[in-house]
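J.: What follows is a structure written as structure tokens; I'll ask about it next.
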Amino acid sequence: MTNDLLAALVPALPLLGAIILASLRRKLSANVAGGLATAMIAGAFVCSILLFQSFDAATGGRTVKLLDWISIGSMEIPLALRIDALSLTMMLIVTGIGSLIHLYSIGYMHEDERAPTFFAQLNLFSFAMLMLVMGSNFLITFIGWEGVGLCSYLLIGFWYKTPEYNYAARKAFVMNRIGDVGMVLAMVLLFQRFGTLEYATIMNVASGVNDPLMIAATLFLFIGATGKSAQLPLFTWLPDAMAGPTPVSALIHAATMVTAGIFLTVRSSVLFELAPFTQDIILWIGTATALIAASIGLLQNDIKKVLAYSTVSQLGYMFVALGLGSYSAAMFHVTTHAFFKALLFLGAGSVIHALGGEQDIRKMGGLKGHIKITFFTFFIGTIAIAGLPLMSGFFSKDLIMAFAFQRSPVLFALLLIGALMTTFYMFRLLFLVFYGKYRGNAHPHESPLTMTIPLMVLAVLSVVGGLLNLPHLFGGHEAMKHFLETAAEGIRFESLELSHATEWILMGITTTLVCVMIYIAYGRFAQKATLEGREADMPFFKRLIAQRWRFDELYRALFEKPYGWLSTNLFSIAEQKVMVPIMNGVGEAANSLGNAVRRVQTGNASFHLLAMLGGLIVFLIITLMSN
Amino acid sequence: MSVLVLLSVLGVVLLYLGLFNNRGAVAGVGIAGLLGAFVLIASDWHLESPLFNGIIQFDTYARSFSLVMIVVAVLLFLFGIDYYAKVKENVAEQYALMVFSLTGGLLICSFTNLVVLFLSIEILSIPLYILAGGKRDSFRSGEAAFKYFLQGSYASAFLLMGLALIYGATASFDLAAIEAFSTALAGGQNMIFLLGLFLTIAGVAFKVAAVPFHFWSPDVYEGAPTLITAFMSTVVKTAAFAAFYRLIANLQLPGAVETMLVVMTICTLFLGNIVALRQTQFKRLMAYSSIAHTGFLLLAFLGTDARTPDVLFYYLGTYALATVGLFIVLTLAKRAALGDEHIRIFRGLFRSNPWIAVAALLMLLSLAGIPLTAGFVAKYRVFVLSLTNGYIWTTVLAVLMAVVGIYYYILVVREAFTAQEQETKPIVVAPLNWLVISICGVAVVVLGVMPGLLRM
Amino acid sequence: MLALFYLFAAISVISALIVVSARNPINSVIALIVCFLSIAGHYILLNAQFLAMVHVIVYTGAIMVLFLFVIMLLNLNKATEPMKSLGMRVAAITGGGLLFITLAAAIRHGVSIQSANPFDAGIGLVRSVGHVLFTEFLLPFEVSSVLFLSAIVGVVMLAKKEKHQPNASVEPLTEAERARRTA
Amino acid sequence: MEEGIITAIRVVPLDHYVLLSFLLFSIGAAGVVFRRNTIIILMCLELMFNSVNLLLTAFSAHHSDPRAQVFVFFIMLVAAAEVTVGLSILVMMKRNVDSVDVNQLNRLKG
Amino acid sequence: MIAALLLLIPFLTALVLVSLRPAQARPIALVSSLASLAVVLYAWISYSGGTVIHYNLNWVDAWGLRFVVGYDGVGLLMVILTAVVFPFIIGAGYGQQHDRQATFNGLLLFTQAFLFLVFLAQNALLFYIGYELTLIPVFFLLLFWGGADRRAITVRFFIYTLVGGLSLLFGIVYLLIQSGGNGDFTALTNLSIPASTQVWLFWALFLAFAIKLPIFPFHSWQPETYYMAPLQGTMVLGAVMLKMGLYGVYKLVFPIVPAGVEHWQTTVIVLALIGAVYGGVIAFRQSDFKRLVAFSSMSHVGVLCAGLFAWNAYGISGSFYQAFAHAILVLGMLYIVGAMQERTGTTDMSAMGGLKGHAPRLAALFLLVLVNAVALPLTQSFVGEWLMFAGLWQVSGWLTFFALTTIVIGAIYMLYGYQRVMLGPDRTNVTLADASVRDHIYLVPLIAVTLILGVYPGPILELLDAPVQQLLSSLSVN
């Protein structure tokens, strides 16, 4: 019972915080609001830890039913939470990293007059995200799914006075919605097939099913996932989403929300296992996303944009893992990525804070002396994501690559290229920001403690995160994998069957090449920054990459402009020139008919008599004819 | 038949009163006489047997229609007090002629002999030819009178030819004998009889203004003095329909004649409604609307059904009430607008005379057939009849035309309920007129809510 | 006897055509009188002597005189009438012709009507007609007085000389008329 | 004489009267439309009435039924009444527009 | 007693208002509507399932017109909807400048009375009478207080609606003849009409509702009318009038011409969805706030109708649930339109923008209304939409897909609209009052209803479940 209460408290606390903050947003100061919000999410974190401690993995998980929600006829969809290994993992990530980012935001946002609103929305986001991960059925997950979408919209457009930000916010929401179409389709399909949406029931029933419908269902789910997790072709919103305050980017667009797609896939892993076709699709889309996003990251000049493309790319890796059926590897990468990417974003935020809002890395440089903590933690984040040995990213990424190798060396090679590009652009970023000479004209200053403490905590986590799922190779026993397996009865997570030697060799190759990349980057950017010239001067291919493969332009030409055109013309032509005239036309036709018939009434008495006579004769003739 | 005597005498008395030029007394005596007639009819309620060697039969059917006509005539006479207030001459004559015409109306709905049919049609009509020209100095009035007379006589000639042929075929003027003949004939052919029926129906159809024998109606309605127009579209129409139905009710109509009736119905429905769309002169609009209503009434004729007389009775009664009220409103508005008859004269009526406007609204809605007014019930019952008799497509057309009908009525409503640009003085409404309008307005709603009140 | 019928028939048809076609109303009147007289002849042939008599008195004696009277009163005895448009005239003739053709076509197989009563030579006599008139048709006979009364009232009302000057232009013109005037 | 008339009724077929009557009726009906002079129009109407009278009389003789003749009698009454009314309307018209041309009556239309 | 109260309270109050024209018309009307609401809530509490018949009187028996009033679950829901909506509609008048308040509120209450009649009627003719009567007061609302070009648009609206109305009458008359003059729904339901007849009879009956809703090719009257109508008139039209269409389909079409429904089901769904997409796409670029709401309503209604014609338990219940949500949504959206109009003097969005800085509370309230519009989970709309999609899926996956595109389209135009009204650079040259106490009193309950019923839809779903199951089971028996 207490555990049920705890489980309910986890989403309830941030919700409560959101409500309180929203209603008192006028009266609270930024710091108080921040403190309250942080306390709420931290409370949720504590509850999660308590739940985690009392959780017995052997029981597999349980459902906490809060109340009946949609219950009509044979449809029973309760408002219920599910506590199992998977949701606990995600809860810990969301509340844990969430708490840190809330804390960080106190410092970051303290000058903004709408800070209380910001914290309310952040808390609301936490609530939605927790619903997403804790839902005991698809529909509850969907509550969170849409909820995080809304909060993402609000937070991206937090500075609402800039039209571009509003555009970015709308773009994010709409693209997510496109994914949601898939998600809803999947849900109605599954409901129709299984008569329920409870994860537990579906997973139990589904494991034996062999049904082509599952391919459709999983494809639809994956469409939902591409929207939320910014995969091809729906990834362009994520870089734009950097319009929001940096903590938002860290929490929503790096650590938590964007991993919802991965979470959903892992949640429905049983279904995906039934649909190898879908898995292949996921695999290749993941690979393509990872490479394309990484390539774009090479030439970006906005500190947050680089990180954003990096996020997209890393999400691609996670999907590759999902496509390979190694769900634990994906979750592991989700976790480590949450650590280091949150760290990087917060670090970037700290840099931006230090420079008074400057985001262009061409105007930075040489900051390592000014903001030491930031530099140090950022450095750790960078090597973590680059996958230098023993960092958290090293373990998680190599696990995925090993699985890839197991499938096909080509795939491994592709992923390796992606990893190298990651290394390159991250170190390019690091060097351009912190090394060399300062190219801007602000006065950099270190951030306050509320901001640096989260940085430090995350840095530690980025280093030791690998321990969570330490592979056998390093004497671990893949704790996370075994833990997660309890959440999905019926299937076994795919395990790595490569020999240790192969693993060592792969690691060696990777590490070596990464180091080479770091060297190249160092050479080009650390000593004397060779900045790219104007885009116009670049060779074609490079320019294409610098212009983000022109995806935005493509979508604008393909969808946005035609849609606007359609909207304008449906109204001005279809509606106003066709539909309304048809309606009026009927009336006018009747009127002109009336006008025509009216002519018969000439007013000439003789004619009237003649007409009467004529009418009579016509009647007579008809009669005679018919006789 | 004391009623006929009473009415004839009443007419003469009115003529005498006219000599003394006492207008108030004329109307008063007229109304008193009509009420007397009402009482006489009501007291003779159980008189069903044929009278005068079986050439008329004052049965329930005839009595019901007679009562409606008398009631409407009373309302019109009440209206007449104000209407004729400023007229210098011939007032008594006009009252008397209306009474004479009414006498014809009473006869016509009780005929059982074709001679009586013809005579009473003429008695009904001839006073109207004169009354239509009642405004002697008005060109339009004269034109209306002449056109009415000319076309009426023409139609009479056809009617006569028809009656003669029917007689030729059946050797009798007696309706019962003719009905027996038609039943015996059933299916067989008799061209003389067929032609006779044909021409007779054409002649009667002229009276009810069915297309293509409707040409007189818009012109006469427009040209005639408003009171007379009201009289024509209510009393005369009621009488003509009563006669029409009495004529064909028990006849075994040959297929060709039925076809003729259907075609006539369709044409009437169509033309009346469609042309009314383009009318902006209110009286003319009412004329076409009257043609349109003829179409709906004819629809009830198609096929024989025991309910038809009752439906006709209800329809005509409620139609008459609404029409009388509207013509009074028209007269008042027209007076305020210095003789204009365009529907825009109603503009601002709601602002200046809210109750009159609401009453007019109720009557217009009734004519349009909006629920809870009598007009709806009437139309509804007609549709039930025609669908019961299997005339689905004709009914579909009627339904469509009902929509068209609503359109032109609602245009008038719109005028009445749109505020005028500049403030207008309220239209002067004499108490009696107010009373009649109120009676009509309330009656169409009461009869719509409790349709059981008006039945044969 | 048949010859007599054809004679009367010819006279009536020809005079009827003259009525319709004569330019001068007086000629029409005269032709109509001839026509009526021939019809009276038919009545005699049909053994309806009373009717023939009444016919001559009423129509030729009263109605036609009234026509003549009005023609003289209104000074219409000149052939001033403009002809109608050609279309209208053609239409009128066609209409009349078609009416006749259809009516005649309807009885092209002859009228086969059984005589309702055994032949009685006396039906056209005043006695038998009067008997029917005052028994069976008493009501119409009485009621026709109402008809006459209204006709009388009407004539007095309409044809009486005005006490004051007519003022026909009080009525406002309709819009169509106004348009025509201005055009 | 009486004999002759009786033979006439026997000899002249009913068809002939019917056709003659139709012919006169049609001429009248056409004439009403044909002419513009109202007074002649009135005469044509009379012609139509008379054709009906003729028909009725023929039927009366055929059926040996005096009632039709009574009807003819009534028709004459009505015709007389109508003519007087018609002529007085005509007089009024002449006074108003100084013409007896039907085409002058064209204000009311549409 | 309940039925009598429901019919009489608004009707008599309206009569008093119209004839006596008291100065305090609005408070009186408000009290009257609240009294109706209280009665309805009592009815709801005391409702225990089944069809409750309150009166069963002969009116004109011979013609099948009988005064049978009562409700089943669905009817009760519609009654509740009407009762809930009207206090808001009347309340929205505060702040609107109208002359002749008494007449205005009287007409509103007349509408309410007639709407109650429609939803309570258990006799086809009685239903029809109510159905047509509702038009009359609305006609005058539009004619007296409408915007530009109101004379033409009002008449067009009136006639267009009546085309459907008379077609409905035709259908009802036809049915009555089949049933031997018994117009009660119970009797009509038991008719067995040949399938070939049902195929055309379906349109005779459905045309009225198709126009009232309106679905795609019959919608042309709607945008202009919504735009032109006075705010409260649009509320009446959008929040309750069109629900008569849904209810009519449920009551008159589904049980009586099932074979016809089967025959036309796909056609209707496709038309409805075309309308949904069409309206939604057009709404995107509308520069006028009120037109945007009009087209958005058209889009929502398209989905509603499609859900209804899914013709299964989820579809029908979802549609009715969504009907409720839509009513609340329309009220909210239109109130905000009114609030903006009151502040900026126009409904043109190009004159707005950047207002959030001046009116953050109003912006927040708008946003809360908006989440219902885009059917975010835990709002009322989501429950309805989910059920409808679940129902539609049983008919066809493709149709479900098209229906789902509206959630994207909806997001596009709603957020763009929100942006154009509220967001963007501050308008420095205008001063704007933030949401007043009145705005809060109005909008907060609406939002609360939305959220409460979004989280806890049970009570309403309970109402819908039994009658819908009964309808479907009776169909499967036949």
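Chains as they are written, first to last, in this note's numbering: chain V, 8 to 634; chain A, 3 to 458; chain W, 3 to 185; chain Y, -6 to 103; chain F, 1299 to 1776.
Note that CB positions come from ideal geometry on N, CA and C, so glycine has one too.
(1) Between V:Ala179, V:Phe125, V:Ile108, V:Ser106, which lies nearest to Ser30 of chain V when the distance is taken from Cα to Cα?
(2) Use the C-beta contact count for Glu510 of chain V: other C-beta atoms within 10 angstroms, 16 or more gives buried, fewer gives exposed.
(3) With 7 Å set as the bound, which would you pick, yes or no: does the beta-carbon of Phe64 of chain Y sit closer than that to a beta-carbon of chain A?
(4) Just to confirm my understanding: we take Leu1741 of chain F, look at its own chain, exclude 5 residues before and 5 after, and list those with CB closer than 8 Å. What are they?
(5) Do you know whose CA, among V:Asn10, V:Ala267, V:Phe227, V:Phe438, lies nearest Gly373 of chain V's CA?
(6) Check for me: the alpha helix (DSSP H) holding Pro142 of chain W runs from which residue to which?
(7) Distance check for Gly341 of chain A and Thr228 of chain A, CA to CA, integer angstroms please.
(8) Which full runs of the alpha helix (DSSP H) of 4+ residues lie inside the stretch 118 to 191 of chain V, going along the chain?
(9) Within 10 angstroms of the Cβ of Leu397 of chain V, are there 16 or more other Cβ atoms? Answer buried if so, exposed if not.
(10) Roughly how many whole angstroms lie between the Cα atoms of Ile460 of chain V and Tyr111 of chain V?
(11) Quick check: Thr375 of chain A and Leu366 of chain A, are their CB atoms within less than 7 Å of each other?
(12) Measuring alpha carbon to alpha carbon, tell me which residue in W:Thr96, W:Val72, W:Gly89 is nearest Val93 of chain Y.
(13) Within the stretch 156 to 238 of chain A, note down every full alpha helix (DSSP H) run reaching 4 residues or more, in order along the chain.
(14) Give a yes or no on whether the minimum CB-CB distance between Ala154 of chain Y and chain W is below 7 Å.
(15) Classify Val446 of chain A: buried if its beta carbon has 16 or more other beta carbons within 10 angstroms, exposed otherwise.
(16) Can you give, in chain order, each stretch of the alpha helix (DSSP H) that sits fully within the stretch 485 to 572 of chain V and has at least 4 residues?
(17) Going along chain C in order, which residues have a C-beta closer than 7 Å to the C-beta of Leu98 of chain Y?
(18) Check whether the stretch 279 to 291 of chain A and the stretch 215 to 234 of chain A touch, using three or more Cβ-Cβ pairs below 8 Å as the test.
(19) Taking beta-carbon pairs under 7 Å, can you tell me which members of the stretch 164 to 187 of chain A lie near chain Y?
(20) Given the structure, does Ala1764 of chain F come close to the ligand GTP, in the sense that its CB is under 6 Å from one of the ligand's heavy atoms?
(21) Considering only C-alpha positions, which residue in the set A:Gly319, A:Ala134, A:Arg337 is nearest to Gly450 of chain A?
(22) Given 8 Å as the limit, is there contact between the stretch 144 to 164 of chain V and the stretch 278 to 297 of chain V, that is, 3 or more CB pairs closer than that?
(23) Quick one: using the 10 Å Cβ neighbour count with 16 as the cut-off for buried, is Gln60 of chain V buried or exposed?
(24) Grouping DSSP H, G and I as helix and E and B as strand, with all else coil, what is Arg183 of chain W?
(25) What residues from the stretch 567 to 579 of chain V come within 8 Å of chain A, judged by C-beta to C-beta, listed N to C?
(26) May I have a chain-ordered list of the alpha helix (DSSP H) segments no shorter than 4 residues that lie completely inside the stretch 1446 to 1531 of chain F?
(27) In terms of DSSP beta bridges, what is Ile82 of chain V paired with?
(28) Apply the 10 Å Cβ neighbour rule to Asp247 of chain V and answer buried if 16 or more other Cβ atoms are within range, or exposed otherwise.
(29) With a cut-off of 7 Å, does the C-beta of Gln167 of chain W fall near any C-beta of chain V?
(30) Determine contact between the stretch 1359 to 1372 of chain F and the stretch 1417 to 1424 of chain F, defined as no fewer than three beta-carbon pairs at a distance below 8 Å.
(31) Taking only beta carbons into account, state which residues of the stretch 192 to 225 of chain V come closer than 9 Å to chain F, listed in chain order.
(32) Using a Cβ-Cβ cutoff of less than 8 Å, which residues in the same chain neighbour Phe412 of chain V once the five nearest sequence positions on both sides are dropped?
(33) Determine whether the Cβ of Val398 of chain A lies closer than 7 Å to any Cβ atom of chain V.
T.: Let me lay it out:
(1) V:Phe125
(2) buried
(3) yes
(4) Gly1630, Tyr1633, Ile1634, Leu1663, Leu1666, Val1667, Ala1733
(5) V:Phe438
(6) 140 to 161
(7) 11 Å
(8) 122 to 141, 145 to 163
(9) exposed
(10) 8 Å
(11) no
(12) W:Val72
(13) 177 to 187, 193 to 209, 218 to 225, 228 to 233
(14) With chain Y covering only -6 through 103, there is no way to say anything about residue 154 of chain Y.
(15) buried
(16) 486 to 492, 507 to 528, 547 to 553, 558 to 562
(17) Annotation note: the requested chain C is absent from the structure, which comprises protein chains V, A, W, Y and F.
(18) yes
(19) Ala166, Tyr169, Gly170, Ala173, Phe175
(20) No copy of the ligand GTP appears in this structure; indeed no ligand is present at all.
(21) A:Gly319
(22) no
(23) exposed
(24) In this predicted model, Arg183 of chain W has a pLDDT of only 49, less than 50, meaning its place in the structure is not dependable; the value taken from the coordinates is given anyway. Arg183 of chain W falls in the helix class under three-state DSSP.
(25) none
(26) 1448 to 1476, 1483 to 1487, 1493 to 1510, 1519 to 1526
(27) The amino acid occupying residue 82 of chain V in the given sequence is Met; Ile does not appear at that position. DSSP output for Met82 of chain V lists V:Ile79 as bridge partner(s).
(28) buried
(29) With a pLDDT of only 49 at Gln167 of chain W, under the threshold of 50, the placement of this residue in the model should not be trusted; the figure read from the coordinates follows. No, Gln167 of chain W does not count as interfacial toward chain V.
(30) yes
(31) Leu192, Met194, Val195, Leu196, Phe198, Gln199, Ala223
(32) Leu418, Phe419, Leu505, Thr509, Leu513
(33) no
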